[in-house]
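A.B. asks: The structure is given below, and queries will be raised subsequently.
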């Protein structure tokens, strides 16, 4: 291809390397531009007039579209709150505006294609690199400035300036420590939830306590701690809920594989596991009754409730933490303690 | 007499009338704007449909800006608890954050508000898609080569910023889906060694979800990210003007010129018109198709989540990467937790991004070609690059498909495990397969082009010669078409030579082997001699037919006599 005259172009002495390119001595050269072909609108004045008509018709139609959109704003009120009113308002304003916009676009493009001159222009491309003389002047500017300031010579000034320039943004960065409250250790927060000994398990979101006898085999109950129901939004309701959500399921006791040290964490086949996925923290909300598997809908990690909620598939690494439970004097499910390990996704200081 | 004075008056009057003339003069005397107009007013832009893809991105970004500005007048970036009291009955009285409440008000209580919200969301989706497709065009035509390597990097940063804008915007309404998206981000951040826990703590202003994150994301979404984006977009376009647009090879089009239509009036009207087409298409989509129906999801609550939720399309690849990790990848070293199930996908995506971002420099190092390249290559003519691109696209596509693994399983009655395992397999094998298939297709297409250039195209006319011989007449292509087929760069693998100390540096050996991989399978460049020889073939064919015909006629003449 025609790289031939690029190198010595316009006072540039630099000859770039061709690298691994194969330079063909007998290379064919590009033919010149083909002769301009006239369009029908160039040849036939009637066709040109019709094209011009088309263009201004589109522009006028666009005005009509805009007027319709304004009319639709008034003609289709939404204040009755009906879904159909909202849909109509959305659609009819939209149709008017879309038509107004598309009509301008179609008109303008038709104008440029059918009416405006379509003779191709050729523009010379200069190499991007500056001319030799220009580059010399640029270097001269730098060297004069260096001479005048002593920037290169007076290294103490220069280096101390660099040090100062590096240091000055640091206080600003430090100020961003204020993004999170002081005196609170995030690790401490992550290690504890609201659950504590004797706290009732209540249904989410109704807050009704759960009698052990009412939990049937194969059912899964979405559970929060009773104290959460009294917590208000600005006291961190969501923060606490994000850690404390639990799923309670009942299995036949003989189906449960139980580690010796966790035998008393369940009650008559009723087990409670954290609902926060140990992968990245989505709620593990899907329970498959006949296999007793829990599935996280976000990334499809699967946990086996029969076997300490161990990971059987998907990207999660750790089993869901188990909440030790028992029943109180009235037969309601209560926690025996908080979770014995942090719930939710792993974090650096977790161990 | 009278007509001539009228004409003289017209000549005296400045272009566009006295008022425009005076105004232009006023401005020019204070700004030197005439020089700018002289330089750029008739600047030539080449024409090709694929050059429009970047415009899709540009114009949909303008639509995003316009619609987003409207939304800021109504949206409350606050997580203060409130109740929705507007028109929409199903959400009335439900406690929610001010962010969701104002989003619902925009949707149901401001006339046309839903339309603008949907325009904003659809335009954002189209913006990221436009950037992606534009990048593919630039990659596959080699338009990132010198002097445009830096503009490729800037464009790539714009792509990442576009995704960041998308994600921060998606999180603002504080609905159930966006909250779950943030939950996933929080989980990923916590998995980062050393800084993860504290980064999450600072970002959320305490524990997840806290009451700060929406306000902070809002600042990023409408101030910081757009400011960087607009600035880089300015540089991106400025460099395009300085470098001038690439053009495809064609008659009259060389590396030293640009052939096309002038900025004023053709491109002004074409590009301006295209802005309205893009805008109009987005508004049309927004009038008929709902997007991000937050009123179905309700406010964020850490407990519920619905099955089959999907992120916006451009985050899909990252979500898919998270899903394809095998189980149990976590370990404890030095009393610290290493979440490999987070770190591996982050590293894979990071390496992928770095490779794509720095690809122009890698290819420039291999070819060692320091010349400027202004002719966009046809993908087939850079077979190895095209094959690498196809492999990259396949890799991305498998990750992307991963984000819908559950939907694929439920829609096609497959097992969840089967889909994940198939995608894990495809993630490794797919790109390799795509590489080889693409490379072979490219080389086959090159050979086809070569055949057409040298021997003409198959005309479909079969001629039976008197001797019983059948030949198909090949019709030569005209010189303009032929030039498009033969105009491309050719490279040969590097042959290493010892330096002055008689040694071969290791990096030269590396470069030689990579260049072999790049350029080993290649066609020899076309020369004039080959074209002449090919032409002779056609002439010989024609002669062969003519001789046959003559012989036949002679034979018939003989019979008559």
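Chains as they are written, first to last, in this note's numbering: chain Y, 183 to 533; chain H, 972 to 1532.
Note that the Cβ used here is the ideal one computed from N, Cα and C, for glycine as well.
Computed from a predicted structure; not experimentally measured.
1. Select from the stretch 1450-1477 of chain H all residues with a C-beta closer than 8 Å to any C-beta belonging to chain Y, and list them in chain order.
2. Contact between the stretch 1244-1262 of chain H and the stretch 1091-1098 of chain H is defined here as three or more beta-carbon pairs at a separation below 8 Å; is this criterion met?
3. Report the residues of the stretch 227-252 of chain Y with a CB closer than 7 Å to any CB of chain H, ordered along the chain.
4. Within the same chain, show all residues whose beta-carbon is closer than 8 Å to that of residue 439 (chain Y), passing over the 5 residues directly before and after it, in chain order.
5. Looking only at its chain, what residues have a beta carbon closer than 6 Å to the beta carbon of residue 1014 (chain H), apart from the 5 residues adjacent to it on each side?
6. Does residue 397 (chain Y) come within less than 7 Å of chain H when only Cβ atoms are used?
7. Over what stretch of residues does the alpha helix (DSSP H) that includes residue 368 (chain Y) continue unbroken?
8. Counting contacts by CB-CB distance shorter than 7 Å, is residue 279 (chain Y) in contact with chain H?
9. Look at the alpha carbon of residue 521 (chain Y) and the alpha carbon of residue 412 (chain Y), and state the distance between them as a whole number of angstroms.
10. Report yes or no: is there a C-beta of chain H within less than 7 Å of the C-beta of residue 529 (chain Y)?
11. State yes or no: is the beta carbon of residue 1085 (chain H) nearer than 7 Å to at least one beta carbon in chain Y?
12. Is the beta carbon of residue 312 (chain Y) sitting closer than 7 Å to the one on residue 1086 (chain H)?
13. Is there contact here, the stretch 1110-1130 of chain H with the stretch 1033-1053 of chain H, by at least three beta-carbon pairs under 8 Å?
14. Do residue 1145 (chain H) and residue 1271 (chain H) have their CB atoms nearer than 7 Å?
15. Does DSSP put residue 1312 (chain H) in a helix, in a strand, or in coil?
16. What three-state label does DSSP hand residue 1299 (chain H) in the structure shown?
17. Quickly, what does DSSP pair residue 401 (chain Y) with across the bridge? List them, please.
18. Name the chain Y residues whose beta carbon is nearer than 8 Å to that of residue 1248 (chain H)?
19. For the structure I just gave you, are there three or more beta carbon pairs, one from the stretch 518-532 of chain Y and one from the stretch 474-487 of chain Y, closer than 8 Å?
20. For the alpha helix (DSSP H) that contains residue 1031 (chain H), what are its first and last residues?
21. Within 7 Å of any Cβ in chain Y, is that where the Cβ of residue 1352 (chain H) sits?
22. Answer yes or no: do residue 394 (chain Y) and residue 509 (chain Y) have a C-beta to C-beta separation smaller than 7 Å?
23. Does any CB atom of chain Y fall closer than 7 Å to the CB of residue 947 (chain H)?
24. By how many angstroms is the C-alpha of residue 343 (chain Y) removed from the C-alpha of residue 500 (chain Y)?
25. Do we get a CB-CB distance below 7 Å when we pair residue 1009 (chain H) with the residues of chain Y?
26. Might you give, ordered along the chain, the residues of its own chain that have their beta carbon closer than 6 Å to the beta carbon of residue 189 (chain Y), omitting 5 neighbours on each side?
27. Classify residue 1482 (chain H): buried if its beta carbon has 16 or more other beta carbons within 10 angstroms, exposed otherwise.
28. Residue 1275 (chain H): which of Y:337, Y:423 and Y:514 sits nearest, CA to CA?
29. Could you work out which residues of chain Y lie near residue 1497 (chain H), taking near to mean beta carbons separated by less than 7 Å?
30. Could you give the DSSP three-state label for residue 335 (chain Y): helix, strand or coil?
31. Quick one: is the Cβ of residue 427 (chain Y) within less than 6 Å of any heavy atom of the ligand SAH?
32. Under 8 Å, with one C-beta from each stretch per pair, do the stretch 240-248 of chain Y and the stretch 283-295 of chain Y reach the 3-pair mark?
33. In the structure shown, what three-state DSSP assignment does residue 519 (chain Y) receive?
34. Just reading off the alpha helix (DSSP H) that residue 1455 (chain H) is part of, what are its end residues?
35. Throw me the rounded Cβ distance for the residue 1143 (chain H) and residue 1192 (chain H) pair, which I believe falls under 8 Å.
36. Here's the rule: buried if 16 or more other CB atoms are within 10 angstroms of the residue's CB, otherwise exposed. What is residue 1105 (chain H)?
C.D. replies: According to the structure shown:
1. 1450, 1451, 1454, 1457, 1458, 1459, 1460, 1461, 1462, 1463, 1464 and 1465
2. yes
3. none
4. 488, 489 and 490
5. 1234
6. no
7. 368-373
8. yes
9. 21 Å
10. yes
11. yes
12. no
13. no
14. yes
15. helix
16. coil
17. Partner(s): none; residue 401 (chain Y) has no beta bridge.
18. 283, 284, 287, 288 and 291
19. no
20. 1024-1043
21. no
22. yes
23. Absent from the structure is residue 947 (chain H), since the part of chain H shown begins at 972 and ends at 1532.
24. 52 Å
25. no
26. Legend: pLDDT at residue 189 (chain Y) = 44, less than 50; position of this residue unreliable, no value from coordinates given.
27. buried
28. Y:423
29. 210
30. coil
31. As presented, the structure is devoid of all ligands, the ligand SAH included, so that no description of it is given.
32. yes
33. coil
34. 1450-1457
35. 6 Å
36. buried
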